[in-house]
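Participant: Those protein sequence lines, which keep their order, are chains A and B. Numbering (the numbering used here) for the first sequence: 6 to 195. Numbering (the numbering used here) for the second sequence: 6 to 195. Note that CB positions come from ideal geometry on N, CA and C, so glycine has one too. Structure provided below as structure tokens; questions to follow.
Number of protein chains: 2
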Amino acid sequence: MKVSIGVSNRHVHLTDEHLKILFGNEFKLEKIRDLNQPEQFVSNSFVTIKTNKNMIEHVRVLGPTRSYTQVEISKTDAYYLGIDPPVRDSGDIKGSSGVTLIGPEGVLNLEEGCIIATRHIHILPEQIKLYGLEGRNIVNVKLYGEKGGIITNVHLKVSDKSYFELHLDTDDANAHMIKNGDIGEILWKN
Amino acid sequence: MKVSIGVSNRHVHLTDEHLKILFGNEFKLEKIRDLNQPEQFVSNSFVTIKTNKNMIEHVRVLGPTRSYTQVEISKTDAYYLGIDPPVRDSGDIKGSSGVTLIGPEGVLNLEEGCIIATRHIHILPEQIKLYGLEGRNIVNVKLYGEKGGIITNVHLKVSDKSYFELHLDTDDANAHMIKNGDIGEILWKN
Chain A
6 MKVSIGVSNR HVHLTDEHLK ILFGNEFKLE KIRDLNQPEQ FVSNSFVTIK TNKNMIEHVR
66 VLGPTRSYTQ VEISKTDAYY LGIDPPVRDS GDIKGSSGVT LIGPEGVLNL EEGCIIATRH
126 IHILPEQIKL YGLEGRNIVN VKLYGEKGGI ITNVHLKVSD KSYFELHLDT DDANAHMIKN
186 GDIGEILWKN
Chain B
6 MKVSIGVSNR HVHLTDEHLK ILFGNEFKLE KIRDLNQPEQ FVSNSFVTIK TNKNMIEHVR
66 VLGPTRSYTQ VEISKTDAYY LGIDPPVRDS GDIKGSSGVT LIGPEGVLNL EEGCIIATRH
126 IHILPEQIKL YGLEGRNIVN VKLYGEKGGI ITNVHLKVSD KSYFELHLDT DDANAHMIKN
186 GDIGEILWKN
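Below you can see the structure in the form of structure tokens.
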């Protein structure tokens, strides 16, 4: 089964409360482009991620706001920042790494919330049946190209609001020389 | 067949002539640590890689000097520098990317020499026989761990001066969350 690939650069999701702290009380995130996942969008707002060791500026905030604040970075970023975030599904932030976020109007010290996102495929419940993936939580995916391979531990993220797509971080993308929009192939067998 | 993994951060090899341009006429590379590959060593000398878009400071020079100057970076570095180097075996630099190197004593504009190194395994001729790899130039390697997988297009680099070891760049290492000294497994079948 072919699947298109979306490459996620480092980004941040914010709660309403944290958005206010970083950008001011009246601030609303402005949509500049829809993401493929329903209702999700790219904003034109940016924050700086800061740790004791280093900082990374110009990290994009995605919208809409969520019930949790989450900072998604790559392992390469993690080395640069001097932290060791766990590999987690989105929303599973308990005990993850702390970082400081700096916005134009304020600073936010997060005790947790920074993760490396699990490789995952967004998929509809009816596609799980259609593609014969019942009973599976994890698949392998073949990536093509000069530095291709087979990636394991790719989580199926089933939701009624899904666009069928494999999400990889920039480390996975750059290691395999994959670009946004490239095609992989789901392998049934582990 | 198990194989230990060496992770190569970005680095530079220099000719005698280019070493003089960057570090001065009388300069010799000082060995601070042997690498696993025979006669190869880590020096305490660094250069800056510069392009029209960006620069990366503190890039280590490996020794001894060679018959060609070569700059080995990752795809992540390449995006940062705004260049598109080819994936090449070491020494195969014809038509590769140009960069500027800056040393403490001089500047060197390279028209070519910057590559992304092919994934490769250093291996002795007798190990090729011992491990049943006759007739193969390329193998796959299984990488373990939370973000593991199988990498393809791993070149066998046969030489009488070899220490048996898989060399990966930091993109491959970080994508799979592999550290220096971790173990992979060579898979015979492509």
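#1: For A:Val104, return the contacting residues in chain B, with the cut-off set at a CB-CB distance below 7 Å.
#2: Check whether the Cβ atoms of A:Asn59 and B:Ser79 sit closer than 9 Å, and answer yes or no.
#3: Under 6 Å Cβ to Cβ from B:Pro130, same chain only, skipping five residues before and after it: list those, please.
#4: For A:Asn179, name the three-state secondary structure that DSSP assigns.
#5: Flag A:Tyr84 as yes if its beta-carbon sits less than 9 Å from any beta-carbon of chain B, otherwise no.
#6: Is there a Cβ from chain A that is less than 9 Å from the Cβ of B:Asn195?
#7: Taking Cβ-Cβ distances below 7 Å as the criterion, which residues of the region 142-171 of chain B are in contact with chain A?
#8: Any Cβ of chain A within less than 9 Å of the Cβ of B:Arg124?
#9: Hey, B:Ser95 and B:Glu77: beta-carbon distance below 9 Å or not?
#10: Quick one, which of A:Glu110, A:Ser167 and A:Lys152 has its alpha-carbon nearest B:Asn158's?
#11: Are the beta-carbon atoms belonging to B:Leu192 and B:Asn142 less than 9 Å from one another?
#12: Whole angstroms is fine: what's the gap from B:Ile188's alpha carbon to A:Pro69's?
#13: Please report the straight-line C-alpha distance between B:Ile26 and B:Gln42, rounded to a whole angstrom.
#14: Output the distance between the C-alpha atoms of A:Asp21 and A:Ile98, rounded to the nearest integer angstrom.
#15: For a contact defined as C-beta to C-beta under 7 Å, what are the partners of A:Lys80 on chain B?
#16: Between which residues of its own chain and A:Val92 is the CB-CB distance below 6 Å, once the five residues before and five after are set aside?
Facilitator: On the basis of the data shown:
#1: Under the 7 Å cutoff, chain B gives no residues; its nearest Cβ is about 18 Å from A:Val104.
#2: no
#3: Leaving aside the five residues that flank B:Pro130 on each side, the residues in its chain whose CB is nearer than 6 Å to its CB run, in chain order, Val163.
#4: Taken through DSSP and simplified to helix, strand or coil, A:Asn179 comes out as helix.
#5: yes
#6: Only weak support is given to the placement of B:Asn195: the predicted model assigns it a pLDDT of 45, under 50, and the value that follows is read from those uncertain coordinates. So, not an interface residue.
#7: Glu151, Lys152, Gly153, Gly154, Ile155, Ile156, Thr157 and Asn158
#8: The C-beta of B:Arg124 comes closer than 9 Å to at least one C-beta of chain A.
#9: Yes, the Cβ-Cβ distance between B:Ser95 and B:Glu77 is below 9 Å.
#10: A:Lys152
#11: no
#12: 42 Å
#13: Cα to Cα, B:Ile26 sits roughly 27 Å from B:Gln42.
#14: 17 Å
#15: Chain order gives the chain B residues near A:Lys80 as Asn179 and Met182, where near means a beta carbon separation below 7 Å.
#16: Ile121 and Thr123
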